[in-house]
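J.:
There are 2 protein chains.
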Amino acid sequence: MTADVLPSYLAGAWSRGSGAGTEVRDAVTGETVCAVSAEGLDLEAAVGHARSLGWSELQKLTFPARAAAVKSAAAALQARKGELYELSARAGATRRDAAVDVDGGIGTAMVFASLARKELPDSVVIAEDEPVMLGRQGTFAGRHVLTTPRGIALQINAFNFPIWGMLEKLAPALIAGVPTIVKPATPTAYLAEHAVRIIIESGALPEGALQLVSGSIPGLFDLLGGQDQIGFTGSAQTAARLRADAAVTRRSARFNAEADSLNCSILGPDATPGTAEFELFVDALVTEMTVKAGQKCTAIRRALVPADRLRDVAEAVSAKLASVVVGAPGADGVTMGALVGLSQRDDVRAAYARLVAAGSAVFGDPDKVDVHGAEAELGAFISPLLVRVDDVDRSEPHEVEAFGPVSTLLPYSGAEQAIALAARGEGSLAGSVVTHDPDFARDVVLGMAAYHGRILVLDRDSAAESTGHGTPLPQLVHGGPGRAGGGEEEGGLRAVRAHLQRTAVQGSPAVLAAVLGLPQS
Amino acid sequence: MTADVLPSYLAGAWSRGSGAGTEVRDAVTGETVCAVSAEGLDLEAAVGHARSLGWSELQKLTFPARAAAVKSAAAALQARKGELYELSARAGATRRDAAVDVDGGIGTAMVFASLARKELPDSVVIAEDEPVMLGRQGTFAGRHVLTTPRGIALQINAFNFPIWGMLEKLAPALIAGVPTIVKPATPTAYLAEHAVRIIIESGALPEGALQLVSGSIPGLFDLLGGQDQIGFTGSAQTAARLRADAAVTRRSARFNAEADSLNCSILGPDATPGTAEFELFVDALVTEMTVKAGQKCTAIRRALVPADRLRDVAEAVSAKLASVVVGAPGADGVTMGALVGLSQRDDVRAAYARLVAAGSAVFGDPDKVDVHGAEAELGAFISPLLVRVDDVDRSEPHEVEAFGPVSTLLPYSGAEQAIALAARGEGSLAGSVVTHDPDFARDVVLGMAAYHGRILVLDRDSAAESTGHGTPLPQLVHGGPGRAGGGEEEGGLRAVRAHLQRTAVQGSPAVLAAVLGLPQS
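Here it is in structure tokens:
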């Protein structure tokens with residue numbers, strides 16, 4: 071029996087690709103969920119639909135009106151989020167994991183909508199800064215304005231956060247007035263499809279503002295040019311391939327990438343066993359290893375610990391990992407779900423093997439795990455795995471990413487070495503320093519800032535309210551240099567402005583006022 | 071006799087590439103000026119020198135201190151600018167042309183230095199915005215900081231403005247603390263070399279902050295990665311090739327391109343013969359065609375004129391072009407110099423042939439020009455050339471750029487068609503609208519903003535102080551979407567910030583204050 075092909079929403083209608091497609095299996099039971107295929111779908115018509123109807127419909131709305139539409143879409147998801155939770159379990163996500171994805175995504179869209187309603191003008195144009203006087207007589211001035219490009223956004227998302235990953239890109243694009251085609255990752259495309267279905271059924275968005283391609287997109291880049299923008303989250307390899315496309319290199323379509331990185335967390339020299347910071351470090355590491363079974367692009371892959379404390383940390387983390395219960399999401403006592411699929415588990419095992427060859431295993435067996443509430447053989451289950459690499463000059467801990475519940479302990483001595491080791495990651499999305507010593511915090515934060523999109527300083531003072539190492543926030547930039555893709559998302563209304571074209575307009579003060587629709591004084 | 075190879079300034083010393091190199095000839099006399107070769111030069115050592123000494127020396131200076139160094143460098147150029155004027159003539163530049171390049175460049179560096187001294191903190195870190203409170207109890211907050219990447223800037227410049235083009239990139243990079251390697255275009259590399267020599271001799275900059283490669287740079291991209299940035303001005307083809315390099319696609323080196331574009335100027339329907347705006351339009355077109363013999367990436371390539379006024383404009387422009395005197399810079403009465411070289415003239419003639427085949431010649435003969443003060447056969451002289459294309463749907467006027475004193479008249483009817491034709495350029499650095507009708511100005515400016523980095527509204531009110539269609543200003547962004555390269559330079563302190571890494575720092579308010587070196591309240 072062939073599986074049902076997952077629908078796409080293109081040019082105002084739901085349709086299904088032809089052919090057998092790629093089969094997607096339940097991460098827990100191995101049962102078939104759906105097939106994914108965009109074969110035969112008319113992507114050129116979809117792009118045309120976005121460019122014409124989608125663009126003009128969004129342009130009829132001012133920034134606050136678009137923000138209201140985004141808020142309505144988020145509210146529709148909120149009202150039906152139980153459906154998304156249920157589906158999330160099929161991807162191996164526990165309730166906690168699904169909350170990060172579903173509630174995190176809805177909350178992110180709500181924050182963007184709120185910021186835009188409060189701070190953006192009731193217009194389709196933003197005047198930036200103040201006018202710059204360019205002559206002594208005051209007859210000639212310049213001003214920067216931001217307008218919506220005459221193009222579309224193609225958003226290519228990762229499998230790990232199908233809802234959050236979609237909404238954090240979609241909300242700013244729509245508020246900026248850019249009609250969007252979403253292309254989810256195949257393994258969790260059915261979650262994105264359901265979220266898009268809820269949004270479309272809600273009628274919150276004007277037709278053409280949001281389309282969905284469930285499946286691969288050969289030829290779609292050929293339709294994109296200098297007014298279009300591509301947002302990508304996923305592997306560095308795919309980012310490199312897409313970024314080399316003529317749409318980007320020749321026609322200057324904007325390209326923003328967010329790729330996985332080997333994020334580090336640094337335990338401060340002051341944080342000895344028994345201090346609050348020692349506990350916070352251990353807790354954070356276990357959390358980051360186990361949420362989404364470690365399938366997070368911001369997870370802590372490298373735990374940097376003062377050399378004399380490596381054994382203490384190894385013991386404390388191992389003790390906590392020992393109480394992690396792996397199994398079917400929702401089953402009694404389960405605290406960590408499955409990887410998204412069996413091939414993902416193969417990849418994690420292979421990467422783990424390279425890491426452990428550079429050092430030694432501290433906790434966990436990649437081939438053995440007690441599974442609760444599911445058949446261990448059928449689902450993509452794996453034990454949390456902690457490695458220790460004492461030879462910090464080896465490349466593996468800084469380059470090999472096991473995209474699962476895997477982390478490496480590394481010893482260091484002094485702020486300077488901690489910074490140097492952090493930099494060995496060649497660019498990360500997130501880093502953290504767990505210390506109550508402000509001098510150490512300052513040295514390390516400033517020392518490693520250039521390699522990071524976000525750095526958390528965690529201590530006893532902020533722990534209760536801290537959002538944690540791995541959590542991007544809509545108010546703060548998300549992205550990072552180098553290996554992390556060199557991009558920037560979120561960051562409050564920066565994310566909206568990043569979708570707009572900046573133009574310097576020059577002329578008499580009266581003309582500048584007329585262009586911006588201001589009263590001519 | 072082989073020509074002397076132009077020196078490079080690398081790793082603290084002047085050195086010459088080996089081999090015969092590429093011969094550079096005087097644009098006016100055809101005499102050999104120098105040879106350009108970087109063969110055998112140790113570029114890896116140069117990159118290392120920038121990364122180590124250059125970076126740490128610049129990091130010892132705060133933003134205002136770096137700005138003071140840039141100001142000193144600009145002052146050194148100012149004191150010896152006669153030397154640069156003299157050399158400019160060898161590239162075919164008149165005194166007016168050289169002023170745009172030399173004085174424009176020095177002024178640009180001065181403006182960046184002034185803005186930075188006034189507005190940037192006496193620190194090596196910039197705190198952006200206000201802290202964002204992330205918890206109800208006020209114990210957890212976030213703030214964006216900007217720090218200098220741990221890398222270098224490689225700046226690849228175009229031949230047409232060797233001084234301005236270098237300084238508009240160099241000044242913001244140095245103020246941001248990024249050590250820079252400059253790679254000038256071969257045909258005018260001797261001008262860049264002399265400017266760098268003046269700066270180095272002045273001692274204004276710390277050693278390692280500025281290096282110069284006179285010649286090609288095979289293998290240099292292999293040394294660049296995620297902390298480095300590449301600034302490129304030149305052809306779209308070269309931009310596409312460089313942007314596809316693994317340094318950019320795989321290692322996420324930042325890449326900013328500024329490419330030539332088919333900029334338009336639009337005459338408003340109100341601007342009938344006899345109005346100030348009609349005259350301003352004609353004057354601007356002639357100026358943009360003849361300054362630097364039209365070798366300007368912002369020059370007006372497409373003059374959009376109300377259909378019923380095409381003949382009036384053609385006549386008025388032709389009358390002015392008839393009084394242009396082509397010849398040796400400095401020779402009596404000469405108002406337009408030579409193209410940079412004979413192969414450039416071949417390119418211009420070939421492009422002109424394509425344009426004229428799409429319409430008809432209005433003024434000038436590509437193969438015939440009266441030359442004053444020089445041998446017409448030896449120098450790269452060409453007549454100003456005006457074309458008219460009535461079939462505006464043809465692709466040539468919107469796609470074929472003759473990088474010389476060449477422009478095309480195109481008829482239009484109504485703001486909507488003017489906007490649509492402007493958009494046919496697929497992205498431009500600069501556009502202008504010459505009108506005294508604020509409604510037309512608004513419609514056209516907002517309608518074509520998304521395709522432009524800068525738009526000038528020219529009218530009788532601002533004409534006396536207007537800096538003109540083709541002049542980028544350090545206070546306003548320079549760049550443009552699509553064909554113009556998709557980049558952004560200048561724009562005041564945006565240019566400095568664009569060289570820095572933005573990082574969101576999270577923690578308790580006390581830690582954020584400590585990181586930024588603020589008193590802990």
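As you go down the protein sequences, you meet chains A and B in turn.
Residues in the first sequence are numbered consecutively from 71, following this note's numbering.
Residues in the second sequence are numbered consecutively from 71, following this note's numbering.
Beta carbons are placed, not taken as given, at the ideal position from N, Cα and C, and that holds for glycine.
Quick caveat: nothing in here was measured; it's all calculated off a predicted structure.
Name the chain A residues that come within less than 8 Å of residue 183/B, Cβ to Cβ?
T.: Under the 8 Å cutoff, chain A gives no residues; its nearest Cβ is about 17 Å from residue 183/B.
J.: Looking at the structure shown, is residue 130/A part of a helix, part of a strand, or coil, going by DSSP?
T.: Correct three-state label for residue 130/A: coil.
J.: In angstroms, rounded to a whole number, what distance separates the CA positions of residue 408/B and residue 577/A?
T.: Rounded to the nearest angstrom, the two C-alpha atoms are 32 Å apart.
J.: Using a Cβ-Cβ cut-off of less than 7 Å, list which residues of the region 238-251 of chain B approach chain A; keep chain order.
T.: Hits within the stretch: zero.
J.: Based on Cα-Cα distance, which residue from 512/B, 522/B, 82/B lies nearest to residue 266/B?
T.: Ranking the options by Cα distance to residue 266/B, first place goes to 82/B.
J.: Please report the straight-line C-alpha distance between residue 333/A and residue 551/A, rounded to a whole angstrom.
T.: So the two alpha carbons sit approximately 12 Å from each other.
J.: Can you give me the C-alpha to C-alpha distance between residue 245/A and residue 326/A, rounded to a whole angstrom?
T.: Rounded to whole angstroms, residue 245/A to residue 326/A spans 18 Å at the Cα level.
J.: Whole angstroms is fine: what's the gap from residue 404/A's alpha carbon to residue 394/A's?
T.: Going from the Cα of residue 404/A to the Cα of residue 394/A covers about 8 Å.
J.: Quick test of your reading: residue 523/A and residue 499/A, contact by CB under 8 Å. State the CB separation rounded to the nearest angstrom.
T.: Indeed they touch by this definition, with Cβ atoms about 5 Å apart.
J.: Who are the neighbours of residue 532/B on chain A, taking C-beta pairs under 7 Å?
T.: Ordered by position in chain A, the residues that pass the 7 Å Cβ test against residue 532/B are 209, 210, 577, 578.
J.: Do you know how far the Cα of residue 189/B is from the Cα of residue 580/B?
T.: The alpha-carbon atoms of residue 580/B and residue 189/B are separated by roughly 25 Å.
J.: Between which two residues does the alpha helix (DSSP H) harbouring residue 521/A extend?
T.: Note, residue 521/A: premise wrong, no alpha helix (DSSP H); not H, not E.
J.: Is the shortest distance between the beta-carbon of residue 191/A and the beta-carbons of chain B less than 9 Å?
T.: Not closer than 9 Å to any Cβ of chain B, the Cβ of residue 191/A fails to qualify, so no.
J.: Cβ of residue 269/B less than 9 Å from any chain A Cβ?
T.: Answer no: the Cβ-Cβ gap between residue 269/B and chain A never drops below 9 Å.
J.: Going by beta carbon distance, what residues of the same chain come within less than 6 Å of residue 261/A, once the five residues before and after it are set aside?
T.: Excluding sequence neighbours, residue 261/A sits near 157, 232.
J.: Starting from residue 325/B, follow the beta strand (DSSP E) in both directions and report where the run begins and ends.
T.: Segment 324-329, the beta strand (DSSP E) holding residue 325/B.
J.: Just verifying my parser: in three-state terms, what is the DSSP assignment at residue 74/B?
T.: Coil, per DSSP.
J.: Of the residues that make up the region 284-297 of chain A, which ones have a beta carbon closer than 7 Å to any beta carbon in chain B?
T.: Going along the region 284-297 of chain A in chain order, one finds 295, 296, 297 with a Cβ nearer than 7 Å to chain B.
J.: When you compare the CB of residue 170/A with every CB in chain B, is at least one pair closer than 9 Å?
T.: No, residue 170/A does not count as interfacial toward chain B.
J.: In this structure, what does DSSP give as the bridge partners for residue 253/B?
T.: Beta-bridge pairing links residue 253/B to 226/B.
J.: Can you say whether residue 389/A is buried or exposed, counting buried as having 16 or more other CB atoms within 10 angstroms of its CB?
T.: Residue 389/A is exposed by the Cβ-count criterion.
J.: Assuming residue 525/A and residue 503/A are in contact, meaning their beta carbons sit under 8 Å apart, how far apart are those beta carbons, in whole angstroms?
T.: That pair is a contact at about 7 Å.
J.: Which residues in chain B sit within 9 Å of residue 324/A, going by Cβ to Cβ distance?
T.: In chain order: 551, 556.
J.: So, is residue 207/B buried or exposed, given that buried needs 16 or more other C-beta atoms within 10 angstroms?
T.: Label assigned to residue 207/B: exposed.
J.: Measuring only between beta-carbons, confirm whether residue 199/B sits less than 9 Å from chain A.
T.: Residue 199/B counts as touching chain A.
J.: Determine the DSSP secondary structure at residue 376/B, reduced to helix, strand or coil.
T.: Strand, per DSSP.
J.: Out of 108/B, 217/B, 314/B, point me to the one whose CA is closest to residue 259/B's CA.
T.: Residue 108/B is the option with its Cα nearest to residue 259/B.
J.: Just to confirm before moving on: does the CB-CB distance between residue 517/A and residue 496/A stay below 9 Å?
T.: Taking 9 Å as the Cβ cut-off, residue 517/A and residue 496/A do not qualify as a contacting pair.
J.: I believe residue 544/A touches residue 181/A by the beta-carbon criterion, under 8 Å. Please report the beta-carbon distance rounded to the nearest angstrom.
T.: Rounded, the Cβ-Cβ distance is 4 Å, consistent with contact.
J.: Taking any Cβ of chain B, which residues in the region 512-545 of chain A have a Cβ under 8 Å from it, in chain order?
T.: The region 512-545 of chain A vs chain B, Cβ under 8 Å: 512, 515, 516, 519, 520, 521, 522, 523, 524, 525, 526, 527, 528, 529, 531, 532, 534, 535, 536, 537, 543, 545.
J.: Here's a check: name, in chain order, each residue in its chain whose Cβ is nearer than 6 Å to the Cβ of residue 84/A, leaving out the five neighbours to either side.
T.: Hits under 6 Å: 77.
J.: Under three-state DSSP, which class holds residue 585/B?
T.: It is helical.
J.: Can you find a CB in chain A that lies within less than 9 Å of the CB of residue 569/B?
T.: So, not an interface residue.
J.: Taking just the CA atoms, how far does residue 163/A sit from residue 528/A?
T.: Their Cα atoms are separated by approximately 27 Å.
J.: Is it buried or exposed, residue 253/B, if we count other Cβ atoms within 10 angstroms and call 16 or more buried?
T.: That one is buried.
J.: So, is residue 193/A buried or exposed, given that buried needs 16 or more other C-beta atoms within 10 angstroms?
T.: Residue 193/A should be labelled exposed.
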